[in-house]
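A.B. asks: I am attaching a structure below and will ask some questions about it afterwards.
Protein chains: 2
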Amino acid sequence: MSPAHPAISVRPAREDERSDLVARILAFVADRRLTSGERLPSERELAERFEVGRNAIREAIAVLETVRMVERRPNSGIYLRAMDRDGSLDALVLRADLGVPLDEAEVSELIEMRRILEVQGTELAGLRRKDEDLARIDAALEAGRRTVAAGDNFAACDAEFHLAVAAATRNSVLRRVVNSFYLLSRTRRWHYFADGRRAPEAQRQHEAMADAIRAGDATAAAGLMRAHLQSTEAYWHELLQQRLPGGKAAS
Amino acid sequence: MSPAHPAISVRPAREDERSDLVARILAFVADRRLTSGERLPSERELAERFEVGRNAIREAIAVLETVRMVERRPNSGIYLRAMDRDGSLDALVLRADLGVPLDEAEVSELIEMRRILEVQGTELAGLRRKDEDLARIDAALEAGRRTVAAGDNFAACDAEFHLAVAAATRNSVLRRVVNSFYLLSRTRRWHYFADGRRAPEAQRQHEAMADAIRAGDATAAAGLMRAHLQSTEAYWHELLQQRLPGGKAAS
DNA sequence: ATTGTCAAATTGGCCCTACCAATCTGGTGG
DNA sequence: CCACCAGATTGGTAGGGCCAATTTGACAAT
């Protein structure tokens, strides 16, 4: 019963448009150079400033609150939280979704975290993978083969493979983090695989890794993952140097 | 200096009361056994059912949407997302905040993730710590000493120490994850340190770790962290046994 | 019976007004 | 100088209303 399979969609990024109010508030904060502990204008004031209803403001603030970027104090105001201490991973995902470009340090840190989590994760996957995990991995590989053959953008297939491996760790917490991870880097991944040249190598490495995982050779799988990630790092840093299109700079 | 000190507050958990609406919606979903892809009642219906205004419902749904538990489709409805594939770490934090107990598997996975991140993180901290990081670590240690001496609950001091180490990694992404991590486990940590017996040992281990980090001996620091975490795991599993009936040992 | 078409109901997105309770502010009286 | 109180401010919330897009179902044409 796996015919109607979730289909690894190939979409560039998000054409979102969704809640630009959050983006506008973030831009406002950046523009005013507000920092931790400072108070935002009242909801009524923000509503007037952005020419929206107070409800819309409240929803946007609720979003910012759940990612721990602000704190609402009843009868007092809305205060910025220490983003470097309190911020959640979703705050980064949110920013990425809104088109705010990550700075170089953040991307480097992202790469490092990816290495830590995925190398260890791949080892766990090699130890614990169940048949359904291998099935998902195989499906991802198959989709990857087709994509490489067709010359389409490999980004979605790459993400799906890594997510499948993360799922095979049987650790839902790790899976959640890796998931957020690929969500927030999807635009960059898209550009990374923009020319079809990197896809074949990535696919080969994926296949080798899958073999090791399937064979239960956790150490080998982890080593392959480390090598795989390392082989991409140089390109990532190169990508960092370039200016990505699509970002409405909010510096 | 110490008067207006960031104050490592010692509070049991959350006195929250805040957004029980989210909790009620979650309970509703659980009660109806709604699963991935299914549609929730319309906002108007939910508002009527819970006897609140539609605004309140919309804010709650906005929160659930930002942690990727639901998806709002304009002019169509609100749909549950695949929580096992899409859920964010903040979804767990949210649940913990709302008092929903984590199941045994989730706690085991949390422990495992903690090991992966903090052992690697401590190594990085040993390599990169700056003076301000050491200062924060020292402050945490000092607070810990006072707390141990006073016989107060050590949970907040424990968290602060680990967060200080995470900060010393100079990797904000890792820091965010570890932060979420301690947020969502704070209640359990509170119980863990309920009797004052574990605090002195934890404090000793913290001090040793801090020495290694200060000396720049990353490998030793990582090893100490691994041992530190391992020494607590047994108690965590014991805690699990008490709170949750029946249990298959985590492999 | 099948298909095409269109209007009504439904739904999320959003605005607006109003009220509450707690907080904050400033001025007044002791 | 301090204690105290009233008015302004603020987040929390209810409820009504309008819009645009989708969904639905009845009706008509083939």
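Protein chains in written order, with full-length UniProt numbering: chain A, 1 to 251; chain B, 1 to 251.
C-beta: ideal position from N, C-alpha, C; glycine also.
Treat the numbers as computed from the prediction; the structure is a model and nothing was measured.
Given residue 42/A, which residues of its chain have a CB within under 7 Å of its CB, disregarding the five upstream and five downstream residues?
C.D. replies: Hits under 7 Å: 77.
A.B. asks: Assuming residue 36/B and residue 80/B make a contact with CB atoms under 8 Å, what is their CB distance in whole Å?
C.D. replies: Correct: roughly 6 Å between the Cβ atoms.
A.B. asks: Using only CA atoms, which one of 23/B, 210/B, 181/B, 176/B lies nearest to residue 89/A?
C.D. replies: Per the Cα distances, 176/B.
A.B. asks: If you pair each beta-carbon of the stretch 128 to 144 of chain B with each one of the stretch 100 to 119 of chain B, do three or more pairs fall below 8 Å?
C.D. replies: Too few Cβ pairs lie closer than 8 Å, so no.
A.B. asks: How about residue 1/A: is its C-beta nearer than 8 Å to some C-beta of chain B?
C.D. replies: Here residue 1/A scores only 34 on pLDDT, less than 50, and its place in the model is too uncertain to base an answer on.
A.B. asks: List the endpoints of the continuous beta strand (DSSP E) containing residue 72/B.
C.D. replies: Its beta strand (DSSP E) spans residues 70 to 73.
A.B. asks: Helix, strand or coil, according to DSSP, for residue 53/B in the structure here?
C.D. replies: The answer is coil: DSSP assigns residue 53/B none of H, G, I, E or B.
A.B. asks: For residue 40/A, does the three-state DSSP call read helix, strand or coil?
C.D. replies: Correct three-state label for residue 40/A: strand.
A.B. asks: Output yes if chain A places a C-beta closer than 8 Å to the C-beta of residue 58/B; else output no.
C.D. replies: So, interface residue.
A.B. asks: Quick one: grab the DSSP three-state call for residue 98/A.
C.D. replies: Residue 98/A falls in the coil class under three-state DSSP.
A.B. asks: When DSSP labels each residue in this structure, what does residue 34/A get in the three-state scheme?
C.D. replies: Note: residue 34/A maps to coil in three-state DSSP.
A.B. asks: In chain B, which residues lie with their C-beta within 8 Å of the C-beta of residue 70/A?
C.D. replies: Per Cβ cutoff of 8 Å: no residues; residue 70/A is ~13 Å from chain B at best.
A.B. asks: What residues of chain B sit near residue 120/A, judged by a beta carbon separation below 7 Å?
C.D. replies: Those within 7 Å of residue 120/A in chain B are 116.
A.B. asks: Under the rule that 16 or more other beta-carbon atoms within 10 Å means buried, what is residue 49/A, buried or exposed?
C.D. replies: Classification of residue 49/A: exposed, given that the 10 Å Cβ count is below 16.
A.B. asks: Do you know offhand how far residue 179/A's Cα is from residue 174/B's?
C.D. replies: Residue 179/A and residue 174/B: Cα-Cα distance of roughly 15 Å.
A.B. asks: Quick one: which chain A residues come within Cβ less than 8 Å of residue 67/B?
C.D. replies: Going along chain A in sequence order, the residues near residue 67/B (Cβ under 8 Å) are 66, 90.
A.B. asks: Compute the Euclidean distance between the alpha carbons of residue 161/B and residue 206/B, then round it to the nearest angstrom.
C.D. replies: Approximately 7 Å between the Cα atoms of the pair.
A.B. asks: Spatial neighbours of residue 47/A within its chain, please: CB distance less than 8 Å, with the 5 preceding and 5 following residues excluded, ordered by chain position.
C.D. replies: If we look at residue 47/A and ignore the five residues flanking it on each side, its Cβ neighbours are 53, 54, 56, 57.
A.B. asks: Along the chain, where does the beta strand (DSSP E) that runs through residue 77/A open and close?
C.D. replies: Element bounds for residue 77/A: 77 to 80.
A.B. asks: Would you say residue 129/A lies against chain B (beta-carbon separation less than 8 Å)?
C.D. replies: Judged by the 8 Å Cβ criterion, residue 129/A is not in contact with chain B.
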